[in-house]
Amino acid sequence: MIINTGQRTDIPAFYSRWFYNRIREGYVCVRNPYFETKVTRYRLNPDVVDLLCFCTKNPAPMLDRLQELSAYRQFWFVTITPYGKDIEPHVPEADAVIRSFQRLSEMVSPRCVGWRYDPILITDQYSVDFHIRAFRRMCGMLQGYTHQVVISFLDLYEKTKRNFPEAREVTQSERLKIGKVFSEIGASYHMKMRTCLEGEDLKVFGFDCSGCMTKQVLEQAIGEEFCIPSSAAPQARPGCSCLIGNDIGAY
3 MIINTGQRTD
13 IPAFYSRWFY
23 NRIREGYVCV
33 RNPYFETKVT
43 RYRLNPDVVD
53 LLCFCTKNPA
63 PMLDRLQELS
73 AYRQFWFVTI
83 TPYGKDIEPH
93 VPEADAVIRS
103 FQRLSEMVSP
113 RCVGWRYDPI
123 LITDQYSVDF
133 HIRAFRRMCG
143 MLQGYTHQVV
153 ISFLDLYEKT
163 KRNFPEAREV
173 TQSERLKIGK
183 VFSEIGASYH
193 MKMRTCLEGE
203 DLKVFGFDCS
213 GCMTKQVLEQ
223 AIGEEFCIPS
233 SAAPQARPGC
243 SCLIGNDIGA
253 Y
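Okay, so the sequence shown: first residue is 3 according to the numbering used here, each after it adds one.
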């Protein structure tokens, strides 16, 4: 069984104490977000949990007690972007997250930690050239601490438009320029470039466009193969091949 902790809420950043309490108790009860009366109980035991998957923008609150998870295999995605408090007021500055990333990587190994540089949004302040400079700098700081990076572009849903009225659609030419330059930078720092649900336009630049938290990615991280029934692999969105089931968070 794979347990996910980051699709609904950022548990490592905001609920690390709760999470470690659940590990100590050996179980967690999760309410279905669409059917409130339906509650699922998951055993939290290395005998039944094949992998703990974390997605976070701030792993720091988890690190001092990470030895409590030593019996579990883990995979982490840490999102690090160069935006200021105008965009992400509750996220630590990028350099602080990078230091936490480095420490996490030293504890669980670089193959078990992936970097997410997403979503990429374009404004007058956060231009294409700004992203290229920021990505190059971050790659230099994360070299050796991870072997992969996932990028995606901002989807302008109605809620997104309300929250970020200054953001706009990333044009096709901007996507291709970012993809080409990012692929060159990533290769120079020995990082595999991936996209998730962005089509295959960037495959020409060497991107793996099959997804981010796929069966292959997780198998490579732990060095073993999973046997996962198709019925146990729900999709986050049509076309998504990532393994995002058994999420223990709440919206």
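Idealized CB from N, CA, C, for every residue including glycine.
Run of the alpha helix (DSSP H) containing Gly142, from where it starts to where it stops: 130-144
Which same chain residues, not among the five before or five after Val110, have their C-beta less than 6 Å away from its C-beta? In the same chain as Val110, and ignoring 5 residues on each side of it, the C-beta atoms closer than 6 Å to its own belong to Gln76, in chain order.
Between Val30 and Trp78, how many whole angstroms is the CB-CB distance? I'm expecting something under 8 Å. Going by Cβ atoms, the distance from Val30 to Trp78 rounds to 19 Å, so no, they are not a contact pair.
Gln104: which of Gln127, Pro61, Tyr253 sits nearest, CA to CA? Cα-wise, what sits closest to Gln104 is Pro61.
Taking 8 Å as the limit between beta carbons, can you name the residues of its chain near Phe132, skipping five residues before and five after? Pro84
Exposed or buried, Tyr253, counting other C-beta atoms within 10 Å across all chains shown (16 or more means buried)? It is exposed - the Cβ of Tyr253 has fewer than 16 other Cβ atoms within 10 Å.
Since Lys40 sits in a beta bridge, which residues does DSSP pair it with? BP columns for Lys40 are empty, so no partner.
Of all the beta strand (DSSP E) runs that stay within the bounds of the region 11-59, which reach a length of 3 or more residues? 29-33, 41-45, 53-58
Using a Cβ-Cβ cutoff of less than 8 Å, which residues in the same chain neighbour Arg170 once the five nearest sequence positions on both sides are dropped? Ile124, Thr125, Leu158
To the nearest angstrom, how far is it from the Cα of Glu227 to the Cα of Thr216? Using only the alpha carbons, I get a separation of about 12 Å.
Taking all protein chains shown into account, do 16 or more other C-beta atoms lie within 10 angstroms of the C-beta of Asn165, making it buried, or fewer, making it exposed? exposed
Could I get the ranges of all uninterrupted beta strand (DSSP E) runs contained in the region 58-131, with 3 residues as the minimum, in chain order? The qualifying runs are 76-81, 115-122.
Determine the extent of the alpha helix (DSSP H) in which Gln218 is found, giving its start and end residues. 217-224
Does Pro14 pass the burial test, meaning 16 or more other C-beta atoms within 10 Å, or should it be called exposed? buried
With Val183 as the anchor, note down where its beta strand (DSSP E) starts and where it stops. For Val183, there is no enclosing beta strand (DSSP E); the residue is found in the alpha helix (DSSP H) stretching over 174-190.
Would Gly188 and Val130 qualify as a contact pair, given that the criterion is a beta-carbon distance under 8 Å? No, the Cβ-Cβ distance between Gly188 and Val130 is not below 8 Å.
Let's see if you can read the secondary structure: which residues bound the alpha helix (DSSP H) around Thr197? Run containing Thr197: none in the alpha helix (DSSP H); it sits in the beta strand (DSSP E), 194-197.
Of all the options Arg196, Gly213, Cys214, which has the alpha carbon lying nearest to the alpha carbon of Phe207? Measuring from the Cα of Phe207, the nearest candidate turns out to be Arg196.
Distance check for Thr39 and Cys214, CA to CA, integer angstroms please. Taken atom to atom, the span from the alpha-carbon of Cys214 to that of Thr39 is near 32 Å.
With distances taken from CA atoms, which of Gly146, Ile134, Gly28, Lys194 is nearest Arg45? Gly28
Would you tell me roughly how many angstroms separate the C-alpha atoms of Val183 and Asn23, rounded to the nearest one? 44 Å
Report the partner residues of Gln150 according to the DSSP bridge assignment. Lys194
Presumed contact (8 Å Cβ cut-off) between Leu71 and Leu53, rounded CB distance: So it is not a contact: roughly 11 Å between Cβ atoms.
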